[in-house]
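Using UniProt numbering, read the sequence shown as starting at 1 and increasing by one per residue.
Every residue, glycine too, gets a C-beta built ideally from N, C-alpha and C.
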Amino acid sequence: MRSTFIVSLKSNLRNTSALFWLIVFPIALSTMFNVVFGGLDKAMSITPVPVAVVEDANWTNAVGADTLITALSGKQTDNGKTGTANGAGTTTDGADTLIGDISVDVRLLDATTVASATKARELLDSGTTGGIIAADHDGRLALTLSSDTVANANNSTGAVGLDVSLAALDNVLDQYNRTGATVRAALKDNPAAAITRDFWHGIGSAMNGTTEVTLTNFKPAAMARYYYALMGMACLMAMSTMIYTVTTAQANLSALGIRRTVAPLGRARQLVAGFLAGWLCSCVCLLVALAYIRYVCGIEVGGREPLAVLAVIVASFMTCSLGTMIGAIPKLTAGVKQGLSTAISCGLSLFSGLYGGFAMELSDLISRRAPLLADINPTQQVTNLFYSLMYYDSYQPFARTCAVLLAMSAVFLAAGVIMLRRQRYEHL
1 MRSTFIVSLK
11 SNLRNTSALF
21 WLIVFPIALS
31 TMFNVVFGGL
41 DKAMSITPVP
51 VAVVEDANWT
61 NAVGADTLIT
71 ALSGKQTDNG
81 KTGTANGAGT
91 TTDGADTLIG
101 DISVDVRLLD
111 ATTVASATKA
121 RELLDSGTTG
131 GIIAADHDGR
141 LALTLSSDTV
151 ANANNSTGAV
161 GLDVSLAALD
171 NVLDQYNRTG
181 ATVRAALKDN
191 PAAAITRDFW
201 HGIGSAMNGT
211 TEVTLTNFKP
221 AAMARYYYAL
231 MGMACLMAMS
241 TMIYTVTTAQ
251 ANLSALGIRR
261 TVAPLGRARQ
271 LVAGFLAGWL
281 CSCVCLLVAL
291 AYIRYVCGIE
301 VGGREPLAVL
311 AVIVASFMTC
321 SLGTMIGAIP
331 KLTAGVKQGL
341 STAISCGLSL
351 FSGLYGGFAM
361 ELSDLISRRA
371 PLLADINPTQ
381 QVTNLFYSLM
391 YYDSYQPFAR
401 TCAVLLAMSA
411 VFLAAGVIML
421 RRQRYEHL
């Protein structure tokens with residue numbers, strides 16, 4: 001049995017077609033994903049916008065504007081903290097309340113202070129800055145952008161993340177102006193409210209209606225789902241190794257099968273050795289592909305790399321079981337069985353979201369509307385192994401998916417064994 005295992009392993013390693021689908025194909029396709037979509041995360045990032053801040057006579061009417069600009073620039077604030085303007089509403093002048101609760105782990109502004117609008121216009125015309133922030137006589141802030149800045153934001157080949165930064169900056173300034181208008185209107189009707197702490201707390205709580213929360217185990221890459229849908233397809237392509245092992249043990253499909261049939265080693269032990277060799281080969285090949293996706297393409301799994309290795313082992317066991325079942329189907333040639341495995345892999349990958357945005361939406365729709373169909377799709381379950389590592393704090397979804405794949409493996413192996421036990425030959 002040991003000799004059969006070694007021979008089967010060597011035979012699998014010489015199977016260039018299987019090695020292509022297990023190693024070369026996922027590496028090549030993930031490289032293409034990385035080249036085409038590698039900048040998508042950066043495109044959604046925030047880059048500082050160079051602006052000139054006009055601190056003229058009107059600037060004194062903009063209560064808290066200095067603190068706002070300091071916070072958006074990521075500089076040291078008056079209270080000694082870097083990058084945060086706290087809208088707790090505890091100051092009597094309401095400066096903190098007017099700027100709300102702005103977290104600037106990334107900078108929105110690269111501010112240059114000037115004393116007049118004329119100087120700001122000169123900087124804008126020379127291209128030193130991309131915009132101007134100035135206050136009017138009512139204390140409202142306005143952002144003026146140069147035509148080049150607008151063109152770069154609208155151009156897909158322009159500055160990365162500039163459109164996101166401008167949208168965020170516009171939202172912050174709009175929030176400041178709306179809050180300032182609310183405070184001025186309230187104090188006009190009731191001037192005594194300015195000396196009460198509850199008034200400023202109420203303004204601050206009304207502003208801070210949006211809180212950033214983390215819904216996943218960590219922040220995955222925007223294209224991570226496509227990489228692991230690719231892993232699902234590559235895993236199913238590993239069926240070819242077991243189909244080859246099973247068909248070469250069948251006397252009616254190959255000369256090698258005739259020799260193995262009359263060999264002293266029983267068929268069951270031959271198949272067990274071949275199964276273990278195929279399982280080991282597919283595990284190693286898929287782990288190479290996983291390592292490339294993780295460390296070369298930079299697609300993380302939330303620090304759960306050991307569980308990702310376990311996912312590959314479980315998925316490989318399932319696909320080898322499925323390959324055993326397909327290889328045991330009687331009255332089909334080896335070429336037909338290999339073609340059937342390729343068709344199954346490519347077809348089921350459509351419903352796991354591999355083929356673009358439409359396929360991903362279809363996969364999500366099936367998971368929501370017909371979860372049973374998703375549960376019986378081996379490719380979807382393989383991708384779910386990696387999804388559960390990326391998107392969940394709990395290990396329960398990962399354990400559930402492993403259980404589903406092991407149950408599939410048991411069904412496939414049982415069907416394959418039953419078909420192999422019933423095969424008899426009239427002559428060799």
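| Query | Result |
| --- | --- |
| Judging by CA-CA distance, which residue of Asp-170, Met-419, Cys-320 and Phe-20 is the nearest neighbour of Ser-409? | Cys-320 |
| Considering only the beta carbon of each residue, do Ala-328 and Val-272 sit closer than 7 Å? | no |
| Nearest to Cys-297 by CA position, among Phe-20, Val-36, Ala-18 and Lys-10, is which residue? | Val-36 |
| Just how far apart, CA to CA, sit Ser-316 and Val-164? | 42 Å |
| When you compare only the Cα positions, how much space is there between Gly-302 and Asn-61? | 48 Å |
| Closest to Val-336 by C-alpha separation, out of Ala-71, Ala-111, Ile-133 and Tyr-244, would be which residue? | Tyr-244 |
| Give me the Cα-Cα distance between Gly-94 and Gly-130, rounded to the nearest whole angstrom. | Bear in mind that the predicted position of Gly-94 carries a pLDDT of just 48, short of 50, making it unreliable; the figure below should be weighed with that in mind. Spanning the two alpha carbons is a distance of roughly 30 Å. |
| Expressed to the nearest angstrom, what Euclidean distance is found between the alpha-carbon atoms of Val-51 and Asp-125? | 12 Å |
| Quick one: using the 10 Å Cβ neighbour count with 16 as the cut-off for buried, is Tyr-395 buried or exposed? | exposed |
| Take Met-1 as the anchor and find which of Leu-29, Ala-277 and Ala-224 has the nearest alpha-carbon. | Ala-277 |
| Which residues bound the beta strand (DSSP E) around Val-53? | 49-54 |
| Given a cut-off of 7 Å, decide if Arg-304 and Leu-389 are closer than it, judged by their beta-carbon atoms. | yes |
| Quick check: what's the CA-CA separation for Gly-127 versus Ile-69? | 21 Å |
| Is it a yes or a no for the stretch 274-291 touching the stretch 369-385, going by three-plus beta-carbon pairs under 8 Å? | no |
| In three-state terms, what does DSSP make of Val-340? | The sequence given here has Leu at residue 340, not Val. Correct three-state label for Leu-340: helix. |
| Which residues does DSSP list as the beta-bridge partners of Gly-131? | Val-51 and Leu-145 |
| List in chain order: all unbroken alpha helix (DSSP H) runs of 4+ residues lying wholly within the stretch 2-41. | 2-13, 16-19 and 25-37 |
| In three-state terms, what does DSSP make of Ala-224? | helix |
| Can you give me the C-alpha to C-alpha distance between Val-417 and Gly-323, rounded to a whole angstrom? | 12 Å |
| Could you tell me whether the Cβ atoms of Pro-26 and Ala-234 are closer together than 7 Å? | yes |
| Starting from Thr-113, trace the beta strand (DSSP E) both ways and give me its first and last residue. | 109-114 |
| Starting from Leu-354 and walking both ways along the alpha helix (DSSP H), at which residues does that stretch end? | Neither: Leu-354 is in no alpha helix (DSSP H) and is coded neither H nor E. |
| Could you spell out the range, first to last residue, of the alpha helix (DSSP H) harbouring Leu-405? | 396-421 |
| Count the other CB atoms within 10 Å of the CB of Met-32; is the residue buried (16 or more) or exposed (fewer)? | exposed |
| Taking the alpha-carbon positions, what's the Val-411 to Cys-402 distance? | 14 Å |
| Judging by CA-CA distance, which residue of Leu-286, Arg-225 and Ala-222 is the nearest neighbour of Met-239? | Leu-286 |
| Have a look at Leu-406 and Val-382 and give me their C-alpha separation to the nearest angstrom. | 11 Å |
| In terms of residues, what are the limits of the alpha helix (DSSP H) holding Ser-316? | 305-327 |
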